[in-house]
Amino acid sequence: MTKHHITLAGAAAIAIAVAAPVALAQDATVAKRVDKLEKEMRAVQRQVFPGGAPAFFEGEIAPDATPGQVVKSNSPVADLTARVDALESQLRALTGQTEQNAFQLRELEKQFAAYKAEMDKRVPPAAAGEPAATPASLPVVAAPRPAAPTPAPAATATPPKKPATPPAASAGKPDAARLALVKKVEIPSSGNEQQDAYDYGFRLWSAKLYPEAQAQLKTVVAKWPKSSQASYAQNLLGRAYLDDGKPSLAAVAFYNNYKDRPDGPRAPHSLMYMGIALDKLGRKADACKAFRELDEVYGTKAPQDVRTDAAAAKAKAGC
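Using mature numbering (1 follows the signal peptide of the UniProt record, and there is no 0), the letters of the sequence shown map in sequence onto residues -25 to -1, 1 to 294.
1. Leaving out five residues before and five after Pro243 in sequence, what residues of the same chain have Cβ atoms less than 7 Å from its Cβ?
2. Taking its Cβ as the centre, do 16 or more other Cβ atoms sit within 10 Å of Leu211, making it buried, or is it exposed?
3. Looking at the unbroken alpha helix (DSSP H) that takes in Trp180, where does it start and where does it end?
4. Roughly how many whole angstroms lie between the Cα atoms of Asp60 and Met16?
5. Assign Asp261 to one of two classes, buried (16 or more other C-beta atoms within 10 Å of its C-beta) or exposed (fewer than that).
6. Heavy atom of the ligand SAM less than 6 Å from the Cβ of Asp261, yes or no?
7. So which of Gly239, Ser223 and Lys234 has the shortest CA-CA distance to Leu253?
8. Please work out which residues of its chain come closer than 7 Å, Cβ to Cβ, to Met249, disregarding the five sequence neighbours upstream and downstream, and give them in chain order.
9. Do Tyr173 and Val196 have their C-beta atoms within less than 7 Å of each other?
10. Classify Glu105 as buried or exposed, calling it buried when 16 or more other Cβ atoms lie within 10 Å of its own Cβ.
11. When the Cα atoms are used, what is the spatial distance from Pro138 to Ser206?
12. Can you round the beta-carbon distance between Gly166 and Ala208 to whole angstroms, since I take them to be within the 8 Å contact cut?
13. Mark Leu83 as exposed unless 16 or more other C-beta atoms lie within 10 angstroms of its C-beta, in which case mark it buried.
14. To which residues of the same chain is Pro203 closer than 8 Å at the C-beta, ignoring the five residues directly before and after it?
15. Is it right to say Ala(-7) is buried, meaning 16 or more other beta carbons lie within 10 angstroms of its own, or is it exposed?
16. So, helix, strand or coil for Pro186, using DSSP?
17. Going by DSSP, name the residue or residues bridged to Pro278.
18. Any idea which residues DSSP pairs Pro243 with across the strands?
19. Buried or exposed for Ser181, please, with buried defined as at least 16 other CB atoms from any protein chain shown within 10 angstroms of its CB.
20. Measuring alpha carbon to alpha carbon, tell me which of Thr4, Gln86 and Gln72 ends up nearest Ala53.
21. Lys289 by DSSP, collapsed to three states: which one?
22. For Gln169 versus Trp199, is the C-beta spacing smaller than 7 Å?
23. Give the straight-line distance between the Cα atoms of Ala132 and Ser164, rounded to the nearest whole angstrom.
24. Pull up the distance between the alpha-carbon of Leu12 and that of Arg81, whole angstroms please.
25. Looking at C-alpha atoms only, which residue of Lys85, Asn76 and Val9 is the closest neighbour of Ser64?
26. Looking at the secondary structure, which residues open and close the alpha helix (DSSP H) in which Val272 lies?
27. Which same chain residues, not among the five before or five after Cys294, have their C-beta less than 8 Å away from its C-beta?
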């Protein structure tokens, strides 16, 4: 009898001794998987919300040599394992979505780069100042307040007698009637050479003396290429080409202004007018690309008049 009890007691002790390490091993395996999951989740959070919260840490994911095993039991360990499995599944889905978003972003960047390259090929950057045409309904570029009258313009410091560059713009010898019209345009003399030069070009454009205005505005851009005034002058140069019936040169002038001075005060205007010029050339697909780029690059930052005119121009081009 005593021997029998001793034998049973020994067997129970052995069973407990064997079961304990198994339970401990299962707990350790689940704890490992939870740790790994937390690390991976933090890595995904850093990818999806970079720098979003101070709780994010540096990458700490390393391959696990002992993959987890499902514990088939009704114990709390089994419940925890099921929850870990669900978490792993969600993490895989989130990782897949992040990778998909990154891929789409790369594709968008490629398309945009291809469009830029295509525009560079189609619109040769050489003709920064040449002809184009535009509808009368287009808004007039708001010139910075015209300066007070008096001789001493930007390009040729000689009073109403010989304006800066205009006469040279008439291809051959300007006739007397043309010269008389040019002389009627008052040359500003406020003491600000850069402003006066632009204002004089604006006045020539307003007087519909387009070749003279083009020559004067080119002078402003060449002399002060980095100034904000250059953005106004290059945009108005494109307008002068458009109004002069030369849409191809206008498209070039507008494109150069947008490309060289994307942050300039008249960059959104130039992008919108480039679309109009391309539409006049019968290149509707390219015109629509220009209007689309206006929306993508400037959006609501573009002045209201530009957005209004762009909407009308898009409808006209059938975009």
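In this text, a Cβ means the ideal position worked out from N, Cα and C, and glycines have one as well. What you are looking at is a predicted structure, and each value in this text was computed from that prediction instead of being measured.
On the basis of the data shown:
1. Close CB contacts of Pro243 within its chain, under the 7 Å cut and outside five residues either way in sequence, are with Leu269, Tyr273, Ala277, Pro278 and Val281 (chain order).
2. The residue in question, Leu211, is buried, as its Cβ has 16 or more Cβ neighbours within 10 Å.
3. Glu168 to Ser181 is the extent of the alpha helix (DSSP H) around Trp180.
4. Rounded to whole angstroms, Asp60 to Met16 spans 14 Å at the Cα level.
5. The residue is buried, with at least 16 neighbouring Cβ atoms inside 10 Å.
6. Although the ligand SAM was asked about, the structure shown includes no ligands whatsoever.
7. The shortest Cα separation from Leu253 among Gly239, Ser223 and Lys234 belongs to Ser223.
8. Closer than 7 Å at Cβ, skipping near neighbours: Ala226, Phe229, Tyr230, Tyr233 and Ala265.
9. Taking C-beta atoms as the reference points, Tyr173 and Val196 fail to come closer than 7 Å.
10. With a pLDDT of 39 at Glu105, under the threshold of 50, the modelled position of this residue cannot be trusted; read the value that follows with caution. Glu105 comes out buried.
11. Note on Pro138: pLDDT 41, under 50, position unreliable in the model; the coordinate value appears next. Those two C-alpha atoms are separated by around 22 Å.
12. Not quite, the Cβ-Cβ distance comes to about 19 Å (not below 8 Å), so this is no contact.
13. Leu83 counts as exposed, since fewer than 16 other C-beta atoms from the protein chains shown sit within 10 angstroms of its C-beta.
14. First, the amino acid is wrong: residue 203 is Ser here, not Pro. The residues are Gly239 and Pro240.
15. Any reading at Ala(-7) needs caution, since the residue's pLDDT is 49, under 50, leaving its predicted position unreliable; the model's value is listed next. So Ala(-7) counts as exposed.
16. DSSP places Pro186 in helix when its eight states are reduced to three.
17. Its beta-bridge partners do not exist; DSSP assigns none.
18. According to DSSP, Pro243 bridges with nothing at all.
19. Burial state of Ser181 is exposed, judged by a 10 Å Cβ sphere holding fewer than 16 other Cβ atoms.
20. Of Thr4, Gln86 and Gln72, the residue nearest in Cα terms is Thr4.
21. Here Lys289 sits in helix by DSSP.
22. Going by C-beta atoms, Gln169 is nearer than 7 Å to Trp199.
23. Confidence is the limiting factor: at Ala132 the pLDDT is only 38, short of 50, which leaves the residue's position unreliable, though a coordinate-based value still follows. The alpha-carbon atoms of Ala132 and Ser164 are separated by roughly 9 Å.
24. Cα to Cα, the separation comes out at about 28 Å.
25. Nearest option by C-alpha distance: Val9.
26. Residues Lys259 to Val272.
27. Hits under 8 Å: Lys259, Ala262, Cys263, Phe266 and Arg267.
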